[in-house]
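Residue numbers in the sequence shown follow our numbering, run continuously in steps of one, and reach 618 at the last position.
In this text, a Cβ means the ideal position worked out from N, Cα and C, and glycines have one as well.
Heads up, the thing below is written out as structure tokens.
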Amino acid sequence: MTPQRVLTGITTTGTPHLGNYVGAIAPCIEASTRADTESFLFLADYHALIKCQDPARVRQSSREIAATWLALGLDPSRTVFYRQSDVPEIMELCWILSCSAAKGLMNRAHAYKAAVADNEARGADQDLGITMGLFSYPLLMSADILMFQATHVPVGRDQIQHIEMARDIASRFNHHYGELLVLPEAVVDQDTSTLQGLDGRKMSKSYGNTIPLFDSEKTLKKLINKIQTNLLEPGEPKDPDSSAVFQIWQAFATPS
Numbered sequence: 363m364t365p366q367r368v369l370t371g372i373t374t375t376g377t378p379h380l381g382n383y384v385g386a387i388a389p390c391i392e393a394s395t396r397a398d399t400e401s402f403l404f405l406a407d408y409h410a411l412i413k414c415q416d417p418a419r420v421r422q423s424s425r426e427i428a429a430t431w432l433a434l435g436l437d438p439s440r441t442v443f444y445r446q447s448d449v450p451e452i453m454e455l456c457w458i459l460s461c462s463a464a465k466g467l468m469n470r471a472h473a474y475k476a477a478v479a480d481n482e483a484r485g486a487d488q489d490l491g492i493t494m495g496l497f498s499y500p501l502l503m504s505a506d507i508l509m510f511q512a513t514h515v516p517v518g519r520d521q522i523q524h525i526e527m528a529r530d531i532a533s534r535f536n537h538h539y540g541e542l543l544v545l546p547e548a549v550v551d552q553d554t555s556t557l558q559g560l561d562g563r564k565m566s567k568s569y570g571n572t573i574p575l576f577d578s579e580k581t582l583k584k585l586i587n588k589i590q591t592n593l594l595e596p597g598e599p600k601d602p603d604s605s606a607v608f609q610i611w612q613a614f615a616t617p618s
């Protein structure tokens, strides 16, 4: 049986948080222990440049994330563990893919559309603050995946589009040059792949609503007490599907 090849990465712009663990780190570490799986895990420091132009912050975040993965059980002898910028062929492939990828496909990327919509809502120029890095982000993500012929990519529900775009880009390339690139599949845990943050939105460094994986008990307790809840009284029935507290508990609770 041909082994699965699983790939994922974390952008090096901040301190690892619970959302990173549930959406990427835990599934990849679990996959790396299976005999039928080849694991490729990377530090996405090129992607980090889209939001952070502070070299010191990117370097520090890279160290923190690498240490976090190792502390949480990653076995380097069973995985290909690397930093994106240490593999120049990724950027070479990104350029090659850009020469056959349709601009219309890039126009439909959620992150780009959201940035344009935000500008329009404020009455600003559509392209204000939008870099080519943001616009072409799906191309680099596709190169990350296709470079190593990944068959499966663990993602949150909000990133399924990126895998679909990678498949589209790979199909176009294969049409021109032959069946050279593997079309990846998204792997999504429908229950826990995307955690809500302190304010009810997706837990994200961009929103400043994260709970770090490692911090003092005092700090963690203070953050947990900030989690947004509803106005129901303690004795009233609650809806677990809309509860950030329940969602986080569900992600870490051990099945009985």
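Worksheet entry | Cβ shell of Phe608 (< 6 angstroms), same chain only, five flanking positions each side left out | Indexing the sequence shown from 1 puts residue 608 at position 246. Answer for Phe608: Pro602, listed in chain order.
Item to complete: Can you say whether Lys600 is buried or exposed, counting buried as having 16 or more other CB atoms within 10 angstroms of its CB?
Response: As a position in the sequence shown, residue 600 is number 238, starting the count at 1. Exposed, since its Cβ has fewer than 16 Cβ neighbours within 10 Å.
Worksheet item: Just the Cα atoms here: how many angstroms apart are Ser605 and Trp457?
Response: By 1-based counting over the sequence shown, the position of residue 605 is 243. By 1-based counting over the sequence shown, the position of residue 457 is 95. The alpha-carbon atoms of Ser605 and Trp457 are separated by roughly 43 angstroms.
Fill in: Within 8 angstroms, strictly: CB atoms of Pro416 and Arg445
Within the sequence shown, the letter at position 54 stands for residue 416. Within the sequence shown, the letter at position 83 stands for residue 445. Per the sequence shown, residue 416 should be read as Asp rather than Pro. In this structure, Arg445 does not lie closer than 8 angstroms to Asp416 by Cβ.
Item to complete: Assign Lys567 to one of two classes, buried (16 or more other C-beta atoms within 10 Å of its C-beta) or exposed (fewer than that).
Response: Working through the sequence shown from its first residue, we reach residue 567 at position 205. Lys567 comes out buried.
Practice prompt. Return yes when the Cβ of Arg529 is within less than 8 angstroms of the Cβ of Ser462, no when it is not.
Written response: In the sequence shown, counting from the first residue as 1, residue 462 sits at position 100. In the sequence shown, counting from the first residue as 1, residue 529 sits at position 167. Going by C-beta atoms, Ser462 is not nearer than 8 angstroms to Arg529.
Worksheet item: Does the segment 503 to 516 come close enough to the segment 366 to 374 to have 3 or more Cβ pairs within less than 8 angstroms?
Response: Under the Cβ criterion (8 angstroms, minimum of three pairs), the segment 503 to 516 counts as touching the segment 366 to 374.
Worksheet item: What is the DSSP secondary structure of Gln558, counted as helix, strand or coil?
Response: Numbered from 1 along the sequence shown, position 196 holds the residue referred to as residue 558. Three-state result, Gln558: strand.
Fill in: Residue range of the unbroken alpha helix (DSSP H) whose run includes Asn452
Against the sequence shown, residue 452 aligns to sequence position 90. The residue asked about is misnamed: residue 452 is Ile in this sequence, not Asn. Start and end: 451 to 460.
Practice prompt. Report yes or no: do three or more beta-carbon pairs, one from the segment 568 to 579 and one from the segment 376 to 387, lie closer than 8 angstroms?
Written response: yes
Discussion item. At 3 residues or longer, what runs of the beta strand (DSSP E) sit wholly inside the segment 383 to 465?
Written reply: Fully enclosed beta strand (DSSP E) runs of 3 or longer: 399 to 406, 441 to 445.
Worksheet item: Taking DSSP as the reference, what is the three-state secondary structure of Leu502?
Response: Counting from 1 along the sequence shown, the entry for residue 502 is found at position 140. In this structure, Leu502 counts as helix in the three-state DSSP scheme.
Worksheet item: What three-state label does DSSP hand Gln366 in the structure shown?
Response: Here residue 366 is taken as the residue at index 4 of the sequence shown, counted from 1. Of the three classes helix, strand and coil, the one that applies to Gln366 here is strand, per DSSP.
Fill in: Cβ neighbours of Cys414 in the same chain (closer than 7 angstroms, five flanking residues each side left out)
By one-based count along the sequence shown, residue 414 stands at place 52. The beta carbon of Cys414 is closer than 7 angstroms to those of Thr375, Val420 in its chain, skipping five residues each way along the sequence.
Discussion item. With distance defined between alpha-carbon atoms, name the residue in Val384, Ala397, Ile610, Ala615 nearest to Ala560.
Written reply: Walking along the sequence shown from the start, residue 560 turns up at place 198. What sits at residue 560 in the sequence shown is Leu, not Ala. Cα-wise, what sits closest to Leu560 is Ile610.
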